[in-house]
Structure formats: structure tokens, C-alpha cells
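Written below as C-alpha cells is the structure these notes are about.
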Amino acid sequence: MAVEGGALSFSVASVVEDVLQQHGNRLRDLDLDSRKAEEAASRRYEAAGWLRKIVGVVAAKDLPAEPSEEEFRLGLRSGIILCNVLNKVQPGAVPKVVESPCDAALIPDGAALSAFQYFENVRNFLVAVQEMGIPNFEASDLEQGGKSARVVNTVLALKSYSEWKQTGGNGIWKFGGNVKPSMSAKSFVRKNSEPFMNSLSRNLSMNEKSFNTLSSDLENSNKMHGSGSLSMLVRAVLLDKKPEEVPTLVESVLSKVVEEFENRMASQYDLVKSAPKEKTISQGNKFLLKSTCGDKRIEEKNARVMKKEECFHKNLIDDEELKNKKEKQQIIFGQQQRDIQELKNTLRTAKAGMHFMQMKLHEEFNSLGMHIHGLAHAASGYHKVLEENRKLYNQVQDLKGSIRVYCRVRPFLSGQSNAMSTVDHMEDGNITISTASKHGKGCKSFSFNKIFGPLATQAEVFSDMQPLIRSVLDGYNVCIFAYGQTGSGKTYTMTGPKDLSDKNQGVNYRALGDLFLLAEQRKDTFRYNVAVQMIEIYNEQVRDLLVTDGKIRNSSQTGLNVPDANIIPVSSTCDVIDLMYLGQRNRAVGATALNDRSSRSHSCLTVHVQGRDL
Ligand SMILES: Nc1ncnc2c1ncn2[C@@H]1O[C@H](COP(=O)(O)OP(=O)(O)OP(=O)(O)O)[C@@H](O)[C@H]1O
1 MAVEGGALSF
11 SVASVVEDVL
21 QQHGNRLRDL
31 DLDSRKAEEA
41 ASRRYEAAGW
51 LRKIVGVVAA
61 KDLPAEPSEE
71 EFRLGLRSGI
81 ILCNVLNKVQ
91 PGAVPKVVES
101 PCDAALIPDG
111 AALSAFQYFE
121 NVRNFLVAVQ
131 EMGIPNFEAS
141 DLEQGGKSAR
151 VVNTVLALKS
161 YSEWKQTGGN
171 GIWKFGGNVK
181 PSMSAKSFVR
191 KNSEPFMNSL
201 SRNLSMNEKS
211 FNTLSSDLEN
221 SNKMHGSGSL
231 SMLVRAVLLD
241 KKPEEVPTLV
251 ESVLSKVVEE
261 FENRMASQYD
271 LVKSAPKEKT
281 ISQGNKFLLK
291 STCGDKRIEE
301 KNARVMKKEE
311 CFHKNLIDDE
321 ELKNKKEKQQ
331 IIFGQQQRDI
341 QELKNTLRTA
351 KAGMHFMQMK
361 LHEEFNSLGM
371 HIHGLAHAAS
381 GYHKVLEENR
391 KLYNQVQDLK
401 GSIRVYCRVR
411 PFLSGQSNAM
421 STVDHMEDGN
431 ITISTASKHG
441 KGCKSFSFNK
451 IFGPLATQAE
461 VFSDMQPLIR
471 SVLDGYNVCI
481 FAYGQTGSGK
491 TYTMTGPKDL
501 SDKNQGVNYR
511 ALGDLFLLAE
521 QRKDTFRYNV
531 AVQMIEIYNE
541 QVRDLLVTDG
551 KIRNSSQTGL
561 NVPDANIIPV
571 SSTCDVIDLM
581 YLGQRNRAVG
591 ATALNDRSSR
601 SHSCLTVHVQ
611 GRDL
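1 is the number of the first residue of the sequence shown in the UniProt record's numbering; add one for each residue after it.
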């Protein structure tokens, strides 16, 4: 690619220049295009008219009076008209003009038959006008379309020079036309042996920096591959070619080169257009020039640009994400700080609350201590009072009498007549009994602590026994027993009838009920353990009724002493009743074994109460 680029350097320069001109003009002067086209046509007609005037219409047969750009180029392409006109203006400027050996009619486009002839004429013309100080054009401007403006400019400059000369040539001739100082003043070196190479190896001098850079690149490229490489290449290509084939070959090569560079320029133009504007402005020319080094470099450059753009966008996105993340973190941080502050306030409040509660608790604790102290004091006083009360209570019981005798009159049983009653009358603790005697009816009075008549209920009878139960719990021994003849109602009073109910319960049940009730009421201050023994006394023998074998446990000749009798702990009245039923059953078994025993035996229920002051 480097060799190719170096060998085609002239085309590169001209093509790039024109492409940039075209594209630059397109960008800047789109609205002036049509006006410029008209102006260019006007100038072209002026140039063509002057050429036809100088050399004659016949000599300028290939050049119409108002030629199109293409007609203008083709008419001047052989260089014959130009050289003849120049010789008319400046006789001898081109010593030898190579005329076409054939009839121009055979060559419709006016092309020279020989490349050497063609380049000799044009080159000689260009060298001559350059020596005259007239702005010139490129040899390649006549080789391809679209470059006629500079040719027109040179022709009009020559016309101006001619007119200046015709008017006497006073002063310094100065061309005031629309000259584009695109070429350097560096002279062409006329070497017939290397005409093609000489025309190609001219140095470029362009106003734009991009073209300087391009020129430098091309020179470097040439240096790299040797100054003779282009010549060698051209010679090698043309060596086996006939002279007639050369123009066609050159034309085809040039058209391909032009086509290739136009394509590249177009692609570069699109690339620059799509790139960011500022980047295009600052780097556009440089970018264009560098891109001429080949598709590969363009692709690499494009890839780098794309990559940079991607990096740029990625960085932008990263920056935005970072910014968003930072903002979120700041929000969270702020929220956390507020939470911490809130927690601190809450903690402070809680501390103050705790401190206040501690003080309150301390005060309440002190108050409670005082209260407890007062209660303890009151309790000790209460105990003292209670003890005092107990003593007084039992003193009252003593005053009532340690032994109290009550009389209960049994009602007549069903079937018995009321007229048969021996009770005369009852009054407080006195009862008068009518007795029959041999000497007439007599009366006997008896005194008791209290007399219960036939209508007295079980509850009324027990109400006088009840205070004694309390004395039991206070540590006093109490004995309640019933005495009377058979059928007088002892069992009824002490236990109750066979069909037992709450209403007709006897003294035993009620006393036991009271006992457990009082024990329950005093459980905070006393603990009572209650146990029951039940024995039978018959013929001065003691029998334990709470064992099933009916064995007599102890027999003492000296009195009631039954330490070995079974004693069973109880915790409720029901427990006691169950044991009493057991005792009654055992007593019944004994009665069966011993005939008529029940009326002569005595059952004794002993309740042991052991109290402990808590
Ligand atoms: N106050 C009373 N009210 C109604 N009935 C009574 C009363 N007292 C006794 N009775 C009845 O009189 C009968 C005899 O009474 P109870 O068996 O209690 O006499 P007792 O003295 O125990 O006899 P024993 O010594 O032979 O055992 C029973 O049927 C009993 O129900």
C-alpha cells in the first residue's frame, strides 16, 4: 500500500485537494453553488472566446465558443491550442509544439495520440507560463473532469498578460483575476527522459495545513521506498507497451485512482460528518489525510473512534451511576444521622424517665418500708390482741363452766301419743318431770345449763357446742358426749338420722366442719394437723374400730389407755365421715359376733388437733 501511495502521489494531491475543495465548498457555500457555476461558465466562455480569437476558429476547431466544462477540457487536452496561443502572446515560449499527425476528425475527443506528445505540450506550456509569472494549473487538470476552473484561470491570466503587453507592457503586470494560489513557485524540471515522472514529482504547497501534512506524508513515503521507485514502476509497466497503448493505460489507471480516492474521500467525509462537530473542526483535516494511508488504517481509526465514543459514553454512564449512588448514599447517610439523633433523643428521654422512675421507686420503696414497719408493728399488736382475745374467750368459756350439761327432749316418734309425755313443763335451765307414785302424782325438777325441747333443731343444739370447737384450736381439750337410755336420741343428736342431710347433721359433723373451716381461716398464722381415732368400749375392753380385723388392740385394767389405737390423718369433714362409716361397719361386725352388744357398748371418736404458730 505504501508503494502504491507513493507512486500515485500526484493523484493523491490533486484528488485530495479537489475533493476537499468540493466538500469544503459544499459545506460552506451550498447556497452559492449555482451562482458560482454561472460565473465559472461565463469565465470559461470568455477564455474559450479569447483562445479562438488568438489562434483562429479553424485552429481551435475542437473548442466551441461556449463550451461545457468537459468540452473545454477535451479541447485543450492535447496542449496544441495552449502552446500556439502562448507562442502568439510570447513568441518562442514553447520552442516546439507537437502537432497531431492525424486528422482530428479521426480522434473525436481530441486526445493526443501519444502520451509523450500530450505531456510534452502541456508540460512545456506550464513551464513557460510559470516562468512568465502567470498562475498555472496541474497537468492532471486536463486529464479528468471538474478541474477546468484553474485552466480557465490560467488562460484568462494569459489573456490579461497579452493585453498588458499589447498596451506597452508598462509597469509590472499583475493579474487581478480569480486566481487560486494553489501551486508553489517551485519550477518544473524539464527532463525529456523522464517526462512522466517529472510531472508527477512536483512538490505541493497548499495553504491548508492538511495539505502540508499530506505533502509531507507523501514525501516521506517516497523517501521510504526510494526516489526512483515511481519511475521504476512506471517504466516497468510501460516497457512492453506499444506507444499507442500508453494513453489508454494511463487513462484507465488514473480513472481508477480517481475513483478510488473519491470513494475514500466520500467515506472520510461521511465519517467526519458523523463525528462530534468540535472534534471534526479541530481534527478533520488531519484525520482526512491520515485516512489516505489505506482502508485498514481507516477501519482502525474508526474502531478507535467508536471505542473512544463507547468509553466516553460508558464513562458518562459510570459517572451518572456514581453520582446517583453518591446521592443515594448521602440520602441514606442523612437519614441514618437523623435516626441516630432521634435515637439519642429517645435515649436521653429514656434516661430521664429511668432516673425519674428510680427516684419514684426509691420514694415508694421508702414509703413501703415505712408501711411494712407500721404493719409489722400492727401485726405484733394484733398478735398481742389476739392472744389477749383468746385468753379472754377461753376465760368466758371457763366462766360458762368447764362441764356443761344440756338436756334435749326427744319428740314423740311416729305412732306414739303426745299424752304419754312425762315432761310437765320446761323453763330456762329447769325441767319438771311428772312422775307417777304410789301416793299420787308427783313432780321432780332438774336444772341444766340449757334445755332443748322436742322442737329444737340440730343447728340450735350445735350452736351451744360451737364455741368449744374454737377452744380446741386454741389448745384446749374438749369432750362432748351424750348420755341417756336406749332410744332417747343420743346417736341422733351426735351424728344424725340414717337419711343424713346438711340440715339434720349432728354435732360431730358440724364440729368437724367448723374445725376445718377455722383451720382454713387461720392458715396464714397457724398450721393445724388433724387426725382421727375411733374406738369402742365394751365390758371395759377397748376395741379399735378403724382396723378391719376387729382385733382389740389394748386392754387395760386401770382405765382407758389406747396409745396403740390407729390414728389416721384427715384434711376434711368427708375424710372423717368416711372413717366414721368404717367404724360403724366394724362395730356392726362385732355386734353380730357378740349378741346384743350394741346397746351395752360405747363408741368414742377422738379428733386430735395439733396446731403450730407460723
Ligand atoms: N330429736 C329427735 N327428733 C326426731 N327423732 C328423734 C330425735 N331423737 C331421736 N329420734 C329418733 O328416735 C329413735 C331413737 O333414737 P336413737 O337411736 O338416737 O337413740 P339412742 O339413744 O341412740 O339409742 P341406743 O342407745 O339404743 O343406741 C331414732 O329413730 C331416732 O331417729
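Virtual Cβ for every residue (Gly too), placed ideally from N, Cα, C.
Treat the numbers as computed from the prediction; the structure is a model and nothing was measured.
Whole-angstrom distance between C311 and E70, CA atom to CA atom: 49 Å
Local conformation of C604 per DSSP, three classes: strand
Cβ shell of F452 (< 6 Å), same chain only, five flanking positions each side left out: R408 and V461
Expected contact under 8 Å - CB spacing of I81 and L51 to nearest Å: 6 Å
Residue nearest to H602 in terms of C-alpha spacing, selected from Y483, T573, L546 and L614: Y483
Buried or exposed (CB count within 10 angstroms, at least 16 for buried), P135: buried
Start and end residues, beta strand (DSSP E) containing Y476: Note, Y476: premise wrong, no beta strand (DSSP E); not H, not E.
Exposed unless 16 or more other CB atoms sit within 10 angstroms - verdict on D62: buried
Beta carbon nearer than 6 Å to a non-hydrogen atom of ligand 1: R410, P411, L413, G484, T486, G487, S488, G489, K490, T491, Y492, P497 and S599
Selection from Q485, S414 and S445 that minimises the alpha carbon distance to R600: Q485
V189 burial status per 10 Å Cβ neighbour count (16 or more: buried): Bear in mind that a pLDDT of 38 at V189, under 50, signals an unreliable position, so the model cannot answer this.
From S34, Y492 and Y509, residue whose alpha carbon lies closest to that of Q466: Y509
Limits of the unbroken beta strand (DSSP E) element including A60: Neither: A60 is in no beta strand (DSSP E) and is coded neither H nor E.
DSSP-derived helix/strand/coil call for A531: strand
Selected residue, minimal CA-CA separation from Y528, among A511, V151, E536 and H608: H608
Which listed residue (G171, L142 and C604) has its alpha carbon closest to that of S255: L142
Buried versus exposed, by CB contacts within 10 Å (16 or more), L156: buried
Cβ-based burial, T422 [other Cβ within 10 Å; buried from 16]: exposed
Where the alpha helix (DSSP H) containing D514 begins and where it ends: V507 to Q521
Run of the alpha helix (DSSP H) containing F72, from where it starts to where it stops: E69 to L76
For P467, three-class secondary structure by DSSP: helix
Residue interval of the alpha helix (DSSP H) (run including Q166): S148 to Q166
Contact between the stretch 151-165 and the stretch 35-55 (3+ Cβ pairs under 8 Å): yes
Residues bridged to F446 [DSSP beta-bridge criterion]: I431
Range of the contiguous alpha helix (DSSP H) that encloses I54: D33 to V55
8 Å contact criterion, which G429 and K450 should meet: CB distance rounded: 6 Å
C-beta atoms of I431 and F412 nearer than 8 Å: no
Inter-residue spacing [alpha-carbon to alpha-carbon] between N315 and K325: 15 Å
Beta-carbon spacing of V507, I480 below 8 Å: yes
Distance CB(V94)-CB(A139) smaller than 8 Å: no
Span separating the alpha-carbon of F119 from that of A303: 43 Å
Sheet register partners of V570 (DSSP bridge): V530
Enclosing beta strand (DSSP E) for V542 [first to last residue]: Q541 to D544
Endpoints, beta strand (DSSP E) assigned at Y406: Y406 to R408
Within 8 Å, strictly: CB atoms of Q458 and G496: yes
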